[in-house]
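In numbering that gives the first Met the number 0, the protein residues as written are 0 to 88. For glycine and all other residues, C-beta sits at the position ideal for the given N, C-alpha and C. Small disclaimer: the values here were computed from a predicted structure and weren't measured.
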Amino acid sequence: MADVVRELVEIFPGGVDDDDYYPLLVILADVLSERNLGAAVHGVFGLDPHVARNEAADACTGNKPSRRRIEDLRRRMTARGWSIVDDED
Numbered sequence: 000m001a002d003v004v005r006e007l008v009e010i011f012p013g014g015v016d017d018d019d020y021y022p023l024l025v026i027l028a029d030v031l032s033e034r035n036l037g038a039a040v041h042g043v044f045g046l047d048p049h050v051a052r053n054e055a056a057d058a059c060t061g062n063k064p065s066r067r068r069i070e071d072l073r074r075r076m077t078a079r080g081w082s083i084v085d086d087e088d
């Protein structure tokens with residue numbers, strides 16, 4: 000998880016924009032457990048880990064952002080150094 004946190008800090012030095020928040024949660028949910036997702040969001044952005052986990056669940060089900068928004072953010076993150084494919088080894 001340290002690699003995830005390090006890369007997120009590098010990619011989002013000023014925090015994450017509201018428009019990118021839910022797509023980011025979907026991206027993180029693909030590579031982190033619920034618990035680690037909450038811890039990573041808390042560590043990088045200072046948000047409550049329980050709230051982040053609940054919002055991630057919502058972003059992955061009921062209020063899922065469009066595939067286009069998710070892939071657009073993933074491309075921008077990759078261009079800025081995102082290399083995490085699976086962090087739950």
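Whose C-alpha, out of the options, is nearest the C-alpha of residue i?
| i | options | result |
| --- | --- | --- |
| Leu27 | Ala78, Asn62, Met0 and Arg79 | Met0 |
| Arg52 | Gly61, Asn62 and Asn35 | Asn35 |
| Arg74 | Gly61, Pro22 and Asp2 | Pro22 |
| Asp29 | Gly80, Asp47 and Thr60 | Thr60 |
Taking all protein chains shown into account, decide if residue i is buried (16 or more other Cβ within 10 angstroms of its Cβ) or exposed.
| i | result |
| --- | --- |
| Gly37 | buried |
| Val43 | buried |
| Arg67 | exposed |
| Val50 | exposed |
| Pro64 | buried |
| Pro12 | exposed |
| Asp88 | In this prediction, Asp88 scores a pLDDT of 48, lower than 50, which makes its location untrustworthy; no coordinate-derived value is stated. |
| Glu54 | buried |
| Ala58 | buried |
| Asp19 | buried |
| Glu9 | exposed |
Looking at the unbroken alpha helix (DSSP H) that takes in residue i, where does it start and where does it end?
| i | result |
| --- | --- |
| Leu72 | Arg66 to Ala78 |
| Phe11 | Element bounds for Phe11: n/a, residue is neither H nor E. |
| Val50 | Pro48 to Cys59 |
| Leu36 | Glu33 to Phe44 |
List the whole-angstrom C-beta distance separating residue i from residue j, where the pair is believed to meet the contact cut-off of C-beta under 8 Å.
| i | j | result |
| --- | --- | --- |
| Val25 | Ile69 | 5 Å |
| Leu72 | Ala39 | About 16 Å; that fails the 8 Å criterion. |
Got a sec: does the ligand ADP put a non-hydrogen atom nearer than 7 Å to the Cβ of residue i?
| i | result |
| --- | --- |
| Tyr21 | The ligand content of the structure shown is nil, which means the ligand ADP is not present either. |
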